[in-house]
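Protein chains in written order, with my numbering: chain A, -5 to 451; chain B, 7 to 512.
Beta carbons: idealized from backbone N, C-alpha and C, even for Gly.
Bear in mind the structure is a predicted one, so any value in this text is a computation, not a measurement.
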């Protein structure tokens, strides 16, 4: 055990281990019966029907909602491809299904199968309890109408799996943490230089509001062209980069502690966001504005997630393979030794604050795109989430050490814990307590690691 | 033996103490006896095991094997408090004083003299006066320690140790940061302690001091006791030989390189009171020694040349061209480098690897479009590791875990790779053991032979006399003298210049 704790694996990838343990835990904790509504499930149902009766007449029953609609469409396409006939696709509540089926009975249309996803099938019409098979239920209608006499209800096979470990849920977690993680890239660099940036949450709001405002004022509001939108977004982000630069200059040239400088910028940016927006969200109806936040250029993967992964790869390369990355570590580890080695310490510091501001602006853009508006309340308390992700990821607030990929893992740990707690029914306030404990545990672990897992040194 | 007649049981007896760390056997069966009223010098290269032994006495480490006895009774030290309770005080290079508290408050910190919860300052003051008198110290006990000189703070530390009925004091490199006159003063204090029957374990690389005050010398090498002899049985050379395990031809292997044309020319350099109108030149192949008392402005001069501070006046020329130096970045580009006195605070990023430290000033030449060619970097480092004989477990060893000598070599390696033409050494051998010192001297010779211009700042007069082609002496920010005939100069000649003309007139 002791040898294991001291191994390189634990010191480098200890947080990854924690993330995997959490994944495993929530996978088990949310284990249960799954009733699939996927297109795969639709294909499976179609195959089952055709294998039983080649030219089956089928009625499909789905409820309103994207998932079931898609299920119905896919099932219909598959059945027709295989030679079956879809008599009708009924969309709506159980009573709608009942009415439609009665009509079909009255028209004497033969129905062999009624296919529905589990949720749509589980009601008093399609699957009544024994002894409650009233005249509105399928068995009741079958007694009355001959054409329905042989109708069998069929639904996709259910199986046991974790509600947590599904593709949809994992992508949702990644999407949810994406903007926090993106800011955390900049924050990691700032913290490695032994600094801090409290302004990122406010800069998110500022960027979103100023961009929305520019789109409304200058780019033609709802008729804005793609180029106009791009310019406004870049402008919003650029202004955040300028705020970051300002912080960097204050920190280097005037030697004001970063905590104070960025606290000031935090208030200024939040205030400006409220003033510009008149405290109300500025909505953006322009076509294409939702591309960044809610579309998927790579099928199935939301754009913020793609962007996050891309930025982390770039930042990792920057920190491990470039001169600038090396300088950032050196400035954090020993600024005087770095300066006396000819490292342009001030420029390095200004760069990290500028980048952090820029990334906060990008995060604001993602939020604005997601909600199609610039809200002055975006990112309230976000700076603490970001710092938490960095710290949980193993970066020392004392500066000089830390890893970009550690931060990604840190952000994911936080996202997984939140998501897992939501699914296992842990209340909001309890979540805060757990979150706080997580941060303390991360810092404690870091300290223990430094002194080789001895309590006394 | 210092303690003869007082008792037939040694004050401290260490028998067969061994200590292993993962991968290293730091101490292998050490025996040691210390008598009351005796000064035992502990000698050894860095990494020989001196610090481990001290830490065992101080309670920071527990021995794996072996026993400790105090007055013939078994002694177990599990934590620092045990050590203190047994009357053992350790004075580290870094003092444990609260800068904002006065000498008196520091001495009684944690053991205040109180009546009904109130501190009885008068009583404390009386005891401090007593302690200071015992030491012959002249310090105002009510001045915050942060305002005291290093030497005075050290005396406060010693007084604090005495206030706790200490019988054994361990001093770790106590003179490393002291000026020559302060060293004299400290040696007197150690004499006082000795006279009062306190046992002293004295660790120093400065052989002169050891000859002056030690009764016996114990030499450690690679965690083993090489031998313990009384001081009379040693000569300088035999002591060095015993420490490094091989014979050195001489302490200062000076080679006179051929002097070429003037490379660096400093003209009327000034900054405040610390550097006043300093002008000198260094020729190719020349080692220019710069010395003076602590605070004379030597380091400040070097920092101005290097661009670490901004001069208020004066010019710097390299090979006849005037340099515009606004920051170390400019001087590094021009080919001037500085090996700082404090390697840990200014020379190295301790948390980073040797390779990363080595690369720091050289990245522009290792990188293309900002991407570092790490193979090229590692290869370049290899060359210097071989040439400078740097002892590493690998290029990714953390710089903070190297010995002082190896740290100095890493700093040197990064500048050599940079092809520096003017090399400024500020106290090049401070805190470095004798073996590594010798190697540094040889490197200085090689650099001079390669036609570099070298400025060597040092407080160690034998070193200045032994290694320089020419010597400049500073006093209160001004150059007060130049010695060109180094071979016939003496330490006294330098000291006369170092204390300044004003003092000579008086």
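When burial is assigned at 16 or more other CB atoms within 10 Å of the CB, is residue 455 of chain B buried or exposed?
In the second chain, counting from the first residue as 1, residue 455 of chain B sits at position 449. Under this definition residue 455 of chain B is an exposed residue.
For residue 18 of chain A and residue 410 of chain A, what's the separation of their Cα atoms in angstroms? Numbered from 1 along the first chain, position 24 holds the residue referred to as residue 18 of chain A. Numbered from 1 along the first chain, position 416 holds the residue referred to as residue 410 of chain A. Their Cα atoms are separated by approximately 11 angstroms.
Next on the checklist: If I follow the unbroken alpha helix (DSSP H) through residue 70 of chain A, where does it start and stop?
Outcome noted: Counting from 1 along the first chain, the entry for residue 70 of chain A is found at position 76. Residue 70 of chain A -> alpha helix (DSSP H) spans 60 to 75.
Where DSSP assigns a beta bridge to residue 276 of chain B, which residues make up the other side? Residue numbering aside, residue 276 of chain B sits at position 270 when the second chain is read from its first letter. Answer is B/319.
task: Please determine, among A/202, A/264, A/242 and A/239, the residue with the shortest C-alpha to C-alpha distance to residue 223 of chain A.
output: Numbered from its first residue, the first chain carries residue 223 of chain A at position 229. Among A/202, A/264, A/242 and A/239, the Cα nearest to that of residue 223 of chain A is on A/202.
Counting only the same chain and skipping the five closest in sequence on each side, list residues whose C-beta sits under 7 angstroms from that of residue 313 of chain B. If you number the second chain from 1, residue 313 of chain B lands on position 307. Excluding positions up to five away in sequence, the list reads 331, 332, 333, 334, 336 and 337.
- Item | Members of the stretch 322 to 337 of chain B that neighbour chain A once the beta carbon cut-off is set at 7 angstroms | Cβ contacts with chain A: 334 and 335.
message: Please report the distance separating the alpha-carbon of residue 222 of chain B from that of residue 464 of chain B.
response: Counting from one through the second chain, the residue named residue 222 of chain B turns up at place 216. Counting from one through the second chain, the residue named residue 464 of chain B turns up at place 458. Taking the straight line joining both Cα atoms gives about 29 angstroms.
### Query
Roughly how far, in whole angstroms, is the beta-carbon of residue 462 of chain B from the beta-carbon of residue 296 of chain B, given that I think they are within contact range, below 8 angstroms?
Counting from 1 along the second chain, the entry for residue 462 of chain B is found at position 456. Counting from 1 along the second chain, the entry for residue 296 of chain B is found at position 290. Confirmed, Cβ separation roughly 7 angstroms.
Where residue 148 of chain B and residue 239 of chain B are concerned, what is the direct C-alpha to C-alpha distance, given to the nearest angstrom?
-> Taking the first residue of the second chain as 1, we reach residue 148 of chain B at position 142. Taking the first residue of the second chain as 1, we reach residue 239 of chain B at position 233. So the alpha carbons of these two residues sit roughly 45 angstroms apart.
Q | Secondary structure of residue 334 of chain B, DSSP reduced to three states | A | As a first step, residue 334 of chain B must be located in the second chain, where it is residue number 328. Three-state DSSP puts residue 334 of chain B in a helix.
Kindly examine the ligand GTP and report whether one of its heavy atoms sits closer than 7 angstroms to the Cβ of residue 265 of chain B. The ligand GTP is absent from the structure shown, which contains no ligand whatsoever.
Residue 474 of chain B: first and last residue of the uninterrupted beta strand (DSSP E) it sits in = Position 468 of the second chain, counted from the first residue, corresponds to residue 474 of chain B. For residue 474 of chain B, there is no enclosing beta strand (DSSP E), since its DSSP letter is neither H nor E.
Exercise for review: Quick one: list the residues of chain A neighbouring residue 346 of chain B, beta-carbon separation under 9 angstroms, in chain order.
Suggested key: Here residue 346 of chain B corresponds to residue number 340 of the second chain, with the count starting at 1. Residue 346 of chain B reaches chain A at 330, 331 and 334, counting residues in chain order whose Cβ is nearer than 9 angstroms.
_With a threshold of 8 angstroms between beta-carbons, can residue 440 of chain A be considered close to chain B, or not?_
Here residue 440 of chain A is taken as the residue at index 446 of the first chain, counted from 1. Not an interface residue.
Could you tell me which chain B residues have their CB closer than 8 angstroms to the CB of residue 315 of chain A, listed as they occur along the chain? Locating residue 315 of chain A in the first chain gives position 321, counting from the first residue. Simply 377, 378 and 380.
**Message:** Looking only at its chain, what residues have a beta carbon closer than 6 angstroms to the beta carbon of residue 168 of chain A, apart from the 5 residues adjacent to it on each side?
**Reply:** Taking the first chain and counting its residues from 1, the one referred to as residue 168 of chain A is at position 174. Taken in chain order, the residues that qualify are 299.
>> Output needed for residue 69 of chain A: all residues of its chain with C-beta closer than 7 angstroms, excluding positions within five of it in sequence on either side, in chain order.
In response: As a first step, residue 69 of chain A must be located in the first chain, where it is residue number 75. 36, 39, 40, 54 and 109, listed in sequence order.
Among B/352, B/435 and B/293, which residue has its Cα nearest to the Cα of residue 427 of chain B? Residue mapping note: residue 427 of chain B aligns to position 421 of the second chain, counting from 1. Shortest Cα-Cα distance from residue 427 of chain B to any of B/352, B/435 and B/293 involves B/293.
What does residue 47 of chain B pair with, by DSSP beta-bridge criteria?
-> In the second chain, the residue the question calls residue 47 of chain B occupies position 41. According to DSSP, which records beta bridges pairwise, residue 47 of chain B is partnered with B/208 and B/223.
Can you find a C-beta in chain B that's less than 8 angstroms from the C-beta of residue 307 of chain A?
Residue mapping note: residue 307 of chain A aligns to position 313 of the first chain, counting from 1. The beta carbon of residue 307 of chain A does not come within 8 angstroms of any beta carbon belonging to chain B, so the residue lies off that interface.
| message | Judging by CA-CA distance, which residue of A/261, A/196 and A/362 is the nearest neighbour of residue 277 of chain A? | response | The residue labelled residue 277 of chain A in the question sits at position 283 within the first chain. Among A/261, A/196 and A/362, the Cα nearest to that of residue 277 of chain A is on A/362.
Margin query: I need the straight-line Cα distance from residue 234 of chain B to residue 224 of chain B, nearest angstrom please.
Written below: Translated into positions along the second chain, residue 234 of chain B becomes position 228. Translated into positions along the second chain, residue 224 of chain B becomes position 218. Each residue's Cα considered, the two are about 4 angstroms apart.
Report the neighbours of residue 86 of chain B on chain A: residues whose CB is nearer than 9 angstroms to its CB, in chain order. Within the second chain, numbered from 1, the residue matching residue 86 of chain B stands at position 80. Those do not exist, as residue 86 of chain B stays about 10 angstroms from chain A at its closest Cβ, beyond 9 angstroms.
Is DSSP giving residue 231 of chain B helix, strand or coil here?
-> Counted from its first residue, the second chain places residue 231 of chain B at position 225. Of the three classes helix, strand and coil, the one that applies to residue 231 of chain B here is strand, per DSSP.
Quick check: what's the CA-CA separation for residue 310 of chain A versus residue 29 of chain A? Translated into positions along the first chain, residue 310 of chain A becomes position 316. Translated into positions along the first chain, residue 29 of chain A becomes position 35. Straight-line measurement puts the Cα of residue 29 of chain A at about 40 angstroms from the Cα of residue 310 of chain A.
First and last residue of the uninterrupted beta strand (DSSP E) at residue 80 of chain B: Reading the second chain from its first residue, position 74 is the one you call residue 80 of chain B. 79 to 81 is the extent of the beta strand (DSSP E) around residue 80 of chain B.
| query | Whose C-beta lies closer than 7 angstroms to the C-beta of residue 27 of chain A among residues of the same chain, with five residues either side of it excluded? | reply | Counting from one through the first chain, the residue named residue 27 of chain A turns up at place 33. Shown here for residue 27 of chain A: same chain residues with a beta carbon closer than 7 angstroms to its own, the five before and five after excluded, namely 152 and 154 in chain order.
- Cut-off 6 angstroms between Cβ atoms - residues of its own chain near residue 157 of chain B, not counting five sequence neighbours on either side: Looking up residue 157 of chain B in the second chain gives position 151. For residue 157 of chain B, same chain residues with a beta-carbon under 6 angstroms away, outside a window of 5 residues either side, are 184 and 188 in chain order.
Discussion item. Could you tell me the alpha carbon to alpha carbon distance between residue 370 of chain A and residue 268 of chain A, rounded to whole angstroms?
Written reply: Taking the first chain and counting its residues from 1, the one referred to as residue 370 of chain A is at position 376. Taking the first chain and counting its residues from 1, the one referred to as residue 268 of chain A is at position 274. Put simply, the backbone Cα of residue 370 of chain A is about 5 angstroms away from that of residue 268 of chain A.
Shorter than 8 angstroms from the beta carbon of residue 427 of chain B to some beta carbon of chain A?
Position 421 of the second chain holds residue 427 of chain B. So, not an interface residue.
message = Give me the chain A residues within the contact set of residue 355 of chain B, using Cβ-Cβ distance strictly less than 8 angstroms, ordered along the chain.
response = If you number the second chain from 1, residue 355 of chain B lands on position 349. Near residue 355 of chain B (Cβ distances below 8 angstroms), the residues of chain A are 323, 324, 327, 328, 331, 332 and 394.
Does the stretch 172 to 182 of chain A come close enough to the stretch 82 to 89 of chain A that 3 or more CB-CB pairs lie under 8 angstroms? Flag = no, the stretch 82 to 89 of chain A and the stretch 172 to 182 of chain A do not touch.
| My guess is that residue 52 of chain A and residue 15 of chain A are in contact by the Cβ rule of under 8 angstroms, so how many angstroms apart are they, rounded? | Residue mapping note: residue 52 of chain A aligns to position 58 of the first chain, counting from 1. Residue mapping note: residue 15 of chain A aligns to position 21 of the first chain, counting from 1. Contact flag wrong, Cβ pair sits at about 46 angstroms.
Kindly indicate if chain A contains any beta-carbon less than 8 angstroms away from that of residue 341 of chain B. Within the second chain, residue 341 of chain B is the residue found at index 335, counting from 1. Output row for residue 341 of chain B: interface = no.
Quick one: list the residues of chain B neighbouring residue 320 of chain A, beta-carbon separation under 8 angstroms, in chain order. Here residue 320 of chain A refers to the residue found at position 326 of the first chain. Near residue 320 of chain A (Cβ distances below 8 angstroms), the residues of chain B are 362, 365, 366, 369 and 378.
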